[in-house]
Amino acid sequence: MLVGESEGFVQCSCGRQHWGPHGAAGLLLTDPRRGVLLQHRAGWTHHGSTWALPGGAVLPGETPAEAATRETEEETTVAPEAVRVLSSSVEDHGTWRYTTVLAAVRHEVEPRIANTESTALHWVRPDEVETYELHRDFAAAWPALRRQLGRQLVLVVDAANVVGARPDGWWHDRAGATERLRDRLAVLAGRGVGATSVGLDHGVRWFWWPRIVLVTEGRARGVGALEDVEVVAAPGDGDDTVVETVARLRASGSRDHVVVATADRDLRGRVGELGSTLLGPAELWRILDRTAPVGQW
Numbered sequence: 001m002l003v004g005e006s007e008g009f010v011q012c013s014c015g016r017q018h019w020g021p022h023g024a025a026g027l028l029l030t031d032p033r034r035g036v037l038l039q040h041r042a043g044w045t046h047h048g049s050t051w052a053l054p055g056g057a058v059l060p061g062e063t064p065a066e067a068a069t070r071e072t073e074e075e076t077t078v079a080p081e082a083v084r085v086l087s088s089s090v091e092d093h094g095t096w097r098y099t100t101v102l103a104a105v106r107h108e109v110e111p112r113i114a115n116t117e118s119t120a121l122h123w124v125r126p127d128e129v130e131t132y133e134l135h136r137d138f139a140a141a142w143p144a145l146r147r148q149l150g151r152q153l154v155l156v157v158d159a160a161n162v163v164g165a166r167p168d169g170w171w172h173d174r175a176g177a178t179e180r181l182r183d184r185l186a187v188l189a190g191r192g193v194g195a196t197s198v199g200l201d202h203g204v205r206w207f208w209w210p211r212i213v214l215v216t217e218g219r220a221r222g223v224g225a226l227e228d229v230e231v232v233a234a235p236g237d238g239d240d241t242v243v244e245t246v247a248r249l250r251a252s253g254s255r256d257h258v259v260v261a262t263a264d265r266d267l268r269g270r271v272g273e274l275g276s277t278l279l280g281p282a283e284l285w286r287i288l289d290r291t292a293p294v295g296q297w
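Written as structure tokens, this is what we have:
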């Protein structure tokens, strides 16, 4: 919690008081070896002497993910650069909202109590979380949060099929058109996407920052990767490489949400058999158009 513009309680339409005029956010941080990071709240805090997530009020102009990672650093010394944000879930009361931001450590971190809001920080195995005396709202949210714990959204894009779905002159420069698609996917990776927009059925309150894999072929094979967009160049048939990519992703992360963007009927059947969610090129272009920075594209 910070003293300043974000300080104070809101009298919510639900009948309770909540901290943060602009809402609040917490970070559900996962370490695959040690579990999830819980904070024991000091007795003087709101709902003190319970276990919950590091977090606090959202500042004006700040996104919930920015707030959650900033507050976590202030309370535990874990820097935003040390975590990878995966998804978020919103509890929206209309007059106030709380966002749980799910993230994974990029490398091993050692949280330390950094201010008076915490009396302890523990890594807790997911199957032991409910044995702790939890903050009532975290206790209510935990079952749904646990189902998405450690999972990521992986968007696999059939570049040739998606580029070909928009008649913008791509046939004059297939590689250039693929580079433009890649750049727009990089924007999407940074801004995120609603679960229902990509065909996931776990509710409108979920939002994901996807890992993106772009499969190229033919004249677009030389298109390079970006920090937020992996590029897999097909040595031959692009469809086979998409299937191989999905199979590899399934083997390495069986619980991840894998979404494949293509209109190819045969390919949709093949990746569907591997448990992928399907997204049409038109749907992907609509998402990209909504995500584009003002005045661009």
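First residue of the sequence shown: 1, per UniProt numbering; consecutive thereafter. Backbone N, C-alpha and C define an ideal beta-carbon position, used for all residues, glycine too. The structure presented is a predicted model; accordingly, all values stated were derived computationally and were not measured.
Contact under 9 Å by Cβ, residue i with residue j
i: F138; j: L53; result: yes
i: D31; j: V101; result: no
i: L200; j: V259; result: yes
i: V156; j: V215; result: yes
i: R211; j: E230; result: yes
i: R174; j: A220; result: yes
i: P60; j: R70; result: no
i: V154; j: V213; result: yes
i: V42; j: T99; result: As written in the sequence, residue 42 is Ala, which differs from the Val given in the question. Contact: no.
i: V83; j: A67; result: no
i: T50; j: H122; result: no
i: L86; j: R151; result: yes
As assigned by DSSP and simplified to three states, the class of residue i
i: A52; result: strand
i: V58; result: coil
i: A68; result: helix
i: I287; result: helix
i: W44; result: coil
i: V78; result: coil
i: T195; result: Looking at the sequence shown, residue 195 is not Thr but Ala. Residue state, collapsed to three classes: helix.
i: L145; result: helix
i: V109; result: coil
First and last residue of the uninterrupted beta strand (DSSP E) at residue i
i: A29; result: Contrary to the premise, residue 29 reads as Leu rather than Ala in this sequence. Unbroken beta strand (DSSP E) run through L29: 24 to 31.
i: D92; result: 83 to 92
i: A261; result: 257 to 261
i: L278; result: 277 to 279
i: V271; result: Looking at the DSSP string, V271 is not in any beta strand (DSSP E); the run it does join, the alpha helix (DSSP H), is 265 to 272.
Which residues DSSP lists as bridging residue i, in chain order
i: R211; result: V154
First through last residue of the alpha helix (DSSP H) which encompasses residue i
i: G35; result: That residue, G35, is in no alpha helix (DSSP H); its beta strand (DSSP E) goes 35 to 41.
i: D183; result: 174 to 191
i: T99; result: Where T99 is concerned, there is no enclosing alpha helix (DSSP H), although the beta strand (DSSP E) it sits in stretches over 97 to 105.
i: S252; result: 238 to 252
i: V163; result: 159 to 164
Buried or exposed (CB count within 10 angstroms, at least 16 for buried), residue i
i: G238; result: buried
i: R112; result: exposed
i: V294; result: Note that V294 scores 41 on pLDDT, short of 50, meaning its location in the model is unreliable; the coordinates nonetheless yield the value given after this. Burial call: exposed.
i: A282; result: exposed
i: S276; result: buried
i: G56; result: buried
i: H257; result: buried
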